[in-house]
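Going letter by letter, the sequence shown gives residues 2 to 340 in my numbering.
Cβ atoms here follow ideal geometry from the backbone N, Cα and C, with glycine treated the same way.
Everything below concerns the one structure shown next.
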Amino acid sequence: MKKHFIIFVFALFCLLFSLGSVYAQRGSTSTQVTNIRFISSLPRNSDWGRELDKLASDWQRATNNQVRVTMTHGSQMSESTMISSLLSNSIQAAVLSSSGLYEICPAVINLSVPFMIRNDAELDLVLRDIKPVLEDRVRNEFVIIGWSKGGWVYIFSKEAVLTPNDLRRQKLASSNELRDMNTAFKTMGFQVIETDWVNIGTRLASNMVTAFYMIPTLMVPLNLHRGLQMLELPIAPVMGAIVMNRVTWNQISAANQQEMLRFARQMGLGFDASINKNETAAITSMSRDRLTVNRPNQVQQEIWRAELQNSIPSLVGSVYDRDLYNQINGILQRARSGR
Numbered sequence: 002m003k004k005h006f007i008i009f010v011f012a013l014f015c016l017l018f019s020l021g022s023v024y025a026q027r028g029s030t031s032t033q034v035t036n037i038r039f040i041s042s043l044p045r046n047s048d049w050g051r052e053l054d055k056l057a058s059d060w061q062r063a064t065n066n067q068v069r070v071t072m073t074h075g076s077q078m079s080e081s082t083m084i085s086s087l088l089s090n091s092i093q094a095a096v097l098s099s100s101g102l103y104e105i106c107p108a109v110i111n112l113s114v115p116f117m118i119r120n121d122a123e124l125d126l127v128l129r130d131i132k133p134v135l136e137d138r139v140r141n142e143f144v145i146i147g148w149s150k151g152g153w154v155y156i157f158s159k160e161a162v163l164t165p166n167d168l169r170r171q172k173l174a175s176s177n178e179l180r181d182m183n184t185a186f187k188t189m190g191f192q193v194i195e196t197d198w199v200n201i202g203t204r205l206a207s208n209m210v211t212a213f214y215m216i217p218t219l220m221v222p223l224n225l226h227r228g229l230q231m232l233e234l235p236i237a238p239v240m241g242a243i244v245m246n247r248v249t250w251n252q253i254s255a256a257n258q259q260e261m262l263r264f265a266r267q268m269g270l271g272f273d274a275s276i277n278k279n280e281t282a283a284i285t286s287m288s289r290d291r292l293t294v295n296r297p298n299q300v301q302q303e304i305w306r307a308e309l310q311n312s313i314p315s316l317v318g319s320v321y322d323r324d325l326y327n328q329i330n331g332i333l334q335r336a337r338s339g340r
């Protein structure tokens, strides 16, 4: 049960799909039928579940049934198992969260350096240049059909947190599966308590932990927010993707590949605005229901950024890929200086 819940939590990090530019490879010119078993941990009875069903239907229609999709929603398969199944071709496509993407491409963690990317505009700039790099690193075994932006992670705590020193006085809960994020927080001097999310409410009540980080849209259904405080400063974006194994992709004609990508892009057109809308609605709803939202002033925000500059570089070359880190940092610095 605990494992299934963790899978669901990580799957919800994907939330809504914003499918942008995609790395397309030349496929086979064969007109053979390609059967795709497509696995998703996301619930069928949800906006994204319905959109995935529509995408599967569009693929079949646009390829004249040369691509046939069997869609499975609400899977309790772990993401590691999904990846193994993709590699063995027992499934052909899957929705992966940030943890699954990290497994097939560790460099994706560079998108989640705490407090580095500050907002959606910066994230879009970074993704424009970085997505092709990440896609190229998995090209031998996988094709990333589309990326998802799942919102932003925020700090929630029992006592107000406005500065790094405030957070250092808290016992910060984190999943033991988020190894690199935990390493980053420990390097910044925070007390990280590795735990599972199943008992997070009980551990908060007993003061075994006093703070944790999560996306607001997940807080609402978990009902963890009452009496807590939120630091209104995004920590890092959450990413996910639709992934297909290379063996299957190469069986599909180039013309059909382009049709599949076209419909994937169409599916994503309305999702970017929906992500922000849903996140804002979740925070508003929780703030009306005993969540206190604390916005740091400019000086306090600069303290967080100074902490990043002092702590994170020591992890570059070990936790974080040096070339990608430098590339992302360069993109951000040019954007902030107006160049």
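Start-end ranges of the alpha helix (DSSP H) lying completely within the stretch 199-277, minimum 4 residues: Counting whole runs of 4 or more residues, the stretch 199-277 contains the alpha helix (DSSP H) stretches 201-206, 217-223, 247-250 and 255-269.
Secondary structure of Lys150, DSSP reduced to three states: The count along the sequence shown starts at 1 and reaches residue 150 at position 149. It is a strand residue.
Between the CA atoms of Gly241 and Glu178 - distance to the nearest angstrom: Start at 1 with the first residue of the sequence shown, and residue 178 comes out as number 177. Start at 1 with the first residue of the sequence shown, and residue 241 comes out as number 240. Distance between the alpha carbons of Glu178 and Gly241 is about 16 Å.
Cβ pair Glu280, Gly152 closer than 7 Å: Taking the first residue of the sequence shown as position 1, residue 280 is located at position 279. Taking the first residue of the sequence shown as position 1, residue 152 is located at position 151. Against a cut-off of 7 Å, the Cβ pair of Gly152 and Glu280 comes out as a contact.
Buried versus exposed call for Gln77 [16 or more other C-beta atoms within 10 Å across all chains shown]: Start at 1 with the first residue of the sequence shown, and residue 77 comes out as number 76. Result: exposed.
CB of Thr35 within 7 Å of CB of Ile253, strictly: Here the question's residue 35 lines up with position 34 in the sequence shown. Here the question's residue 253 lines up with position 252 in the sequence shown. Here Thr35 is near Ile253, since their CB atoms are less than 7 Å apart.
Simplified DSSP assignment, three categories, for Val96: Position 95 of the sequence shown holds residue 96. Strand, per DSSP.
Beta-carbon contacts of Glu260 that lie in its chain and below 8 Å, excluding the five residues immediately before and after: Your numbering for residue 260 matches position 259 in the sequence shown. Contacts found: Trp60, Ala63 and Thr64.
Reduced DSSP category for Met189 - H, G, I as helix; E, B as strand; rest coil: Walking along the sequence shown from the start, residue 189 turns up at place 188. The answer is coil: DSSP assigns Met189 none of H, G, I, E or B.
Buried or exposed (CB count within 10 angstroms, at least 16 for buried), Thr285: Mapped onto the sequence shown, residue 285 falls at position 284. Burial check for Thr285: the Cβ neighbour count within 10 Å stays below 16, so the residue is exposed.
Beta-carbon proximity check, Val221 vs Ser99, cutoff 7 Å: Within the sequence shown, residue 221 is the residue found at index 220, counting from 1. Within the sequence shown, residue 99 is the residue found at index 98, counting from 1. No, the Cβ-Cβ distance between Val221 and Ser99 is not below 7 Å.
Cα-Cα separation, Ile7 to Ala265: The sequence position of residue 7 within the sequence shown is 6, counting from 1. The sequence position of residue 265 within the sequence shown is 264, counting from 1. Bear in mind that the predicted position of Ile7 carries a pLDDT of just 39, short of 50, making it too unreliable to give a figure here.
CA-to-CA distance, Ile304 to Arg69, given in whole angstroms: What you label residue 69 is simply residue 68 of the sequence shown in a count that begins at 1. What you label residue 304 is simply residue 303 of the sequence shown in a count that begins at 1. Note on geometry: alpha-carbon atoms of Arg69 and Ile304 lie some 53 Å from one another.
Residue span of the alpha helix (DSSP H) that contains Thr82, given as start and end: Against the sequence shown, residue 82 aligns to sequence position 81. Secondary structure note for Thr82: its alpha helix (DSSP H) is the uninterrupted segment Glu80 to Ser89.
Own chain residues within Cβ distance below 6 Å of Arg296, not counting five before or after: The residue given as residue 296 occupies position 295 in the sequence shown. Glu233, listed in sequence order.
Helix, strand or coil at Arg296 according to DSSP, with G and I counted as helix: Taking the sequence shown and counting its residues from 1, the one referred to as residue 296 is at position 295. Reduced to three states, the DSSP call for Arg296 is coil.
Per-residue DSSP class, three states only, for Glu195: What you label residue 195 is simply residue 194 of the sequence shown in a count that begins at 1. Glu195 falls in the strand class under three-state DSSP.
Ala336: first and last residue of the uninterrupted beta strand (DSSP E) it sits in: For the purposes of this step, residue 336 is identified with residue 335 of the sequence shown, where counting begins at 1. That residue, Ala336, is in no beta strand (DSSP E); its alpha helix (DSSP H) goes Arg323 to Arg337.
Straight-line gap, Ser207 to Lys172 (C-alpha atoms, nearest Å): Within the sequence shown, residue 207 is the residue found at index 206, counting from 1. Within the sequence shown, residue 172 is the residue found at index 171, counting from 1. Ser207 and Lys172 have their alpha carbons spaced roughly 12 Å apart.
C-alpha distance - Met268 paired with Lys55, whole-angstrom precision: If you number the sequence shown from 1, residue 268 lands on position 267. If you number the sequence shown from 1, residue 55 lands on position 54. Rounded to the nearest angstrom, the two C-alpha atoms are 9 Å apart.
Alpha-carbon spacing of Ala95 relative to Ala237, whole angstroms: As a working note, residue 95 is residue 94 in the sequence shown. As a working note, residue 237 is residue 236 in the sequence shown. Using only the alpha carbons, I get a separation of about 24 Å.
Neighbour-count burial assignment, Ser315, 16 or more Cβ in a 10 Å radius: Working through the sequence shown from its first residue, we reach residue 315 at position 314. Taking every protein chain shown into account, the CB of Ser315 has fewer than 16 other CB atoms within 10 angstroms, so this residue is exposed.
Val70 - containing beta strand (DSSP E), residue span: For the purposes of this step, residue 70 is taken as residue 69 along the sequence shown, with counting starting at 1. Run containing Val70: Val68 to Thr73, per the beta strand (DSSP E) assignment.
For Ile145, the residue or residues it bridges with in DSSP: Sequence index remark: in the sequence shown, residue 145 carries index 144 (1-based). DSSP, once it has assigned bridges, lists Val244 as partnering Ile145.
Whole-number beta carbon distance between Thr71 and Ser41, since they are thought to touch under 8 Å: By one-based count along the sequence shown, residue 41 stands at place 40. By one-based count along the sequence shown, residue 71 stands at place 70. Rounded to whole angstroms, the Cβ separation of Ser41 and Thr71 is 12 Å, and the two are not in contact under 8 Å.
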